[in-house]
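Student:
As structure tokens, this is what we get:
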């Protein structure tokens, strides 16, 4: 083993001598490099080789290479790059090969080697690495895409990219993303050929464009890829996803035409098909604006005509397929128009959106998510009474938190009858899923605290006996509200009730401590009792309660610093092992910041 290590080191001597000769490293630094390499080489010669040893060697050589580059830049020295830099780079590459041969299943090793080769601009090596990588990890579509993208965009080899993706879809025929990226690559190739032809045509060199290039230019190849993909995936949404790829290219419209025609034939009764066909006029928007300008039409008039056509298409679509999903596509379109419109057109588009939503409602095809939009639109158009009745009826129909919240919010903001709002509130918290109802409880509590404090207590009382997800935040609000309106003695009595109801949560204990500390002369006995309550309930898993308790003894005017160490040792015994490291670290920070004598920690 020693002989092999020495042989390896001897091979590095020429580069080390050159490093010293041209002034990149001192003699002592060269000795340090030799020593480090000697240690790393010995680790690689063990019987049981570890991946970590290879990686440490690679990391060291990369760090050395980076250092050489920085020193060359500082010294303005470019001499002996082949003998030094290239030699180290080849060694790194050999180390990658060695570790990958032992751990071929580790994708990161492959990717790191490819990244390194890109840095060194070893393009042939990268292509070979991609080939070997895809042989081992052939079932990972993202690796096929990565390899093809590199061949297409960086190696400028569309043929290689096509070959890779053809093999990729052959091995992974059920990978939708792989088919789509194959389609994208063909469009990129078309774009490349078009740009090449644009340069060559002025020089009468059309003849260099091959028959294959003509097939690419005409879109035949890309269309074949699409056709094969949708044969595998008989799904309308997947077929339409190719349209988004086409939009990235100036010539993409002709491919979109092919896709829409195919989808119309394959899926004539699908809502997604009718939605895509309804929006088809948007594909030619630039062309129509240009023609309109030539005919003396303003851009707004052209856009209005396009939107009219799309509305007509949607009207025909919802007649042909009167489903909730089809109406949802129509509503989404008009709402998108409304959200992107200028202020001068808002009212007009609000009326249009309201008309479409109400039309869907009339045929019982309005999705739950649009009831909230309808209520907003009714209020914005000044139809308050209709908005109120719609908000209540929709909330009762679906019993969802967001609909009830909107209903109650509008009633509160518009100062509707107090009893009506309260009845709706109680109906809401009873009707919705209890797990989701806390939003409504908080809304009700905030409203009652301002409008009818006398009813607030009764409202909160009805909530504090529910499950803890509801009761805990309501108990916190109850304490806070009572502290604002009543004497501290009543707050303490309420806390005692919560303690009996049990168990106390950290939020409740901390809230009571905060309220007690806000008194002019906060009694330390009371505060200690609250901390002890907290320790009893959750002291084994809560570091904060212990730290705050220790702070109390050193910060309160009546505190006993000697208790600081007692609490510390109690905490060490009570907290679970998972929390001890954090606890001890925070105690040390507290001791240092507060200048607490170490003797108070009772360190023996």
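Numbering (our numbering), first residue to last: 5 to 608.
We treat Cβ as the ideally placed atom computed from N, Cα and C, and that holds for glycine.
On the criterion of 16 or more Cβ atoms from any shown chain inside 10 Å, does residue 166 qualify as buried, or is it exposed?
Tutor: Residue 166 should be labelled buried.
Student: Consult DSSP for residue 327 and reduce its assignment to one of helix, strand or coil.
Tutor: Note: residue 327 maps to coil in three-state DSSP.
Student: Let me know the secondary structure DSSP gives residue 311 once reduced to three states.
Tutor: Here residue 311 sits in helix by DSSP.
Student: What do you get for residue 11, buried or exposed, if any count of 16 or more other CB atoms within 10 angstroms of its CB means buried?
Tutor: Exposed, since its Cβ has fewer than 16 Cβ neighbours within 10 Å.
Student: Once you ignore the five residues that flank residue 56 on each side, which residues in its own chain have a CB closer than 6 Å to its CB?
Tutor: Around residue 56: no qualifying Cβ.
Student: CB residue 452 to CB residue 460, shorter than 8 Å?
Tutor: The answer is yes: Cβ separation under 8 Å.
Student: Write down every uninterrupted run of the alpha helix (DSSP H) in the segment 428-470 whose length is 4 residues or greater and which is fully enclosed by it, in chain order.
Tutor: Listed in chain order, they are 442-455 and 457-467.
Student: Distance, Cα to Cα, residue 552 vs residue 387?
Tutor: Taking the straight line joining both Cα atoms gives about 55 Å.
Student: Compare the beta carbon distance of residue 81 and residue 20 with 8 Å and say whether it is the shorter of the two.
Tutor: No. Outside cutoff.
Student: Do you know offhand how far residue 615's Cα is from residue 66's?
Tutor: Outside the displayed range of the chain (5 to 608) lies residue 615, so it cannot be described from this structure.
Student: State buried or exposed for residue 189, treating a residue as buried only when at least 16 other CB atoms are found within 10 Å of its CB.
Tutor: Residue 189 should be labelled buried.
Student: Quick one: grab the DSSP three-state call for residue 285.
Tutor: Reduced to three states, the DSSP call for residue 285 is helix.
Student: By the three-class DSSP mapping on this structure, what secondary structure does residue 144 have?
Tutor: Coil at residue 144, not helix or strand.
Student: Please check the pair residue 16 and residue 54, which I expect to be a contact at CB under 8 Å, by giving their CB distance rounded to whole angstroms.
Tutor: With a Cβ gap of about 22 Å, residue 16 and residue 54 do not count as contacting.
Student: On a Cα-Cα basis, can you pick out the residue from 117, 135 and 236 that is closest to residue 98?
Tutor: For residue 98, the nearest C-alpha among the options comes from 117.
Student: Determine the DSSP secondary structure at residue 367, reduced to helix, strand or coil.
Tutor: Three-state DSSP puts residue 367 in coil, outside helix and strand.
Student: Under a Cβ-count criterion, where at least 16 other Cβ atoms within 10 Å of its own Cβ denotes burial, should residue 292 be classed as buried or exposed?
Tutor: Per the 10 Å Cβ criterion, buried.
Student: Relative to the alpha-carbon of residue 101, which residue among 475, 58, 138 and 79 has its alpha-carbon at the smallest distance?
Tutor: With distances taken between Cα atoms, residue 101 lies closest to 58.
Student: Comparing C-alpha positions only, which one of 349, 413, 356 and 346 sits nearest to residue 376?
Tutor: For the residues 349, 413, 356 and 346, the minimum Cα distance to residue 376 belongs to 413.
Student: What does a CB cutoff of less than 7 Å around residue 610 pick up in its chain, not counting 5 residues either side in sequence?
Tutor: What the structure shows of the chain is the stretch from 5 to 608, and residue 610 is not part of that stretch, so it cannot be assessed.
Student: Candidates 74, 406, 224 and 411: which alpha carbon is nearest residue 440's?
Tutor: If we check each option's Cα against that of residue 440, 406 comes out closest.
Student: Using DSSP with H/G/I as helix, E/B as strand and the rest coil, what is residue 421?
Tutor: The answer is coil: DSSP assigns residue 421 none of H, G, I, E or B.
Student: So, residue 512 versus residue 474, is the Cβ gap smaller than 8 Å?
Tutor: Going by C-beta atoms, residue 512 is not nearer than 8 Å to residue 474.
Student: Can you name, in chain order, every residue of its own chain whose Cβ lies under 8 Å from the Cβ of residue 586, other than the five neighbours on each side?
Tutor: Within the same chain, residue 586 has close Cβ partners 547.
Student: Tell me the rounded alpha-carbon separation between residue 360 and residue 224.
Tutor: Going by the C-alpha atoms only, they are around 41 Å apart.
Student: State buried or exposed for residue 300, treating a residue as buried only when at least 16 other CB atoms are found within 10 Å of its CB.
Tutor: By the neighbour-count rule (16 or more Cβ atoms within 10 Å), residue 300 is not buried but exposed.
Student: Just mark residue 573 as buried or exposed, buried being the case when its beta carbon has 16 or more other beta carbons within 10 Å.
Tutor: It is exposed - the Cβ of residue 573 has fewer than 16 other Cβ atoms within 10 Å.
Student: At the level of alpha carbons, what is the spacing between residue 595 and residue 517?
Tutor: Cα to Cα, residue 595 sits roughly 22 Å from residue 517.
Student: Got a sec, what are the start and stop residues for the alpha helix (DSSP H) residue 597 sits in?
Tutor: That run of the alpha helix (DSSP H) goes 581-597.
Student: Whose CA, out of 151, 520, 538 and 35, lies closest to the CA of residue 491?
Tutor: It is 520 whose Cα lies nearest to the Cα of residue 491.
Student: Measure the C-alpha to C-alpha separation of residue 294 and residue 244 and round it to an integer number of angstroms.
Tutor: Near 27 Å, if we compare the C-alpha coordinates of residue 244 and residue 294.
Student: Could you pull out every unbroken alpha helix (DSSP H) segment of at least 4 residues lying fully inside the segment 77-128, listed in chain order?
Tutor: Listed in chain order, the complete alpha helix (DSSP H) runs (minimum 4 residues) inside the segment 77-128 are 89-106 and 111-124.
Student: If you run the structure through DSSP and keep just helix, strand and coil, what is residue 349?
Tutor: Of the three classes helix, strand and coil, the one that applies to residue 349 here is helix, per DSSP.
Student: Compute the Euclidean distance between the alpha carbons of residue 237 and residue 230, then round it to the nearest angstrom.
Tutor: Each residue's alpha carbon lies about 10 Å from the other.
Student: Should residue 161 and residue 155 be called a contact, given that it needs their Cβ atoms to be closer than 8 Å?
Tutor: Yes.
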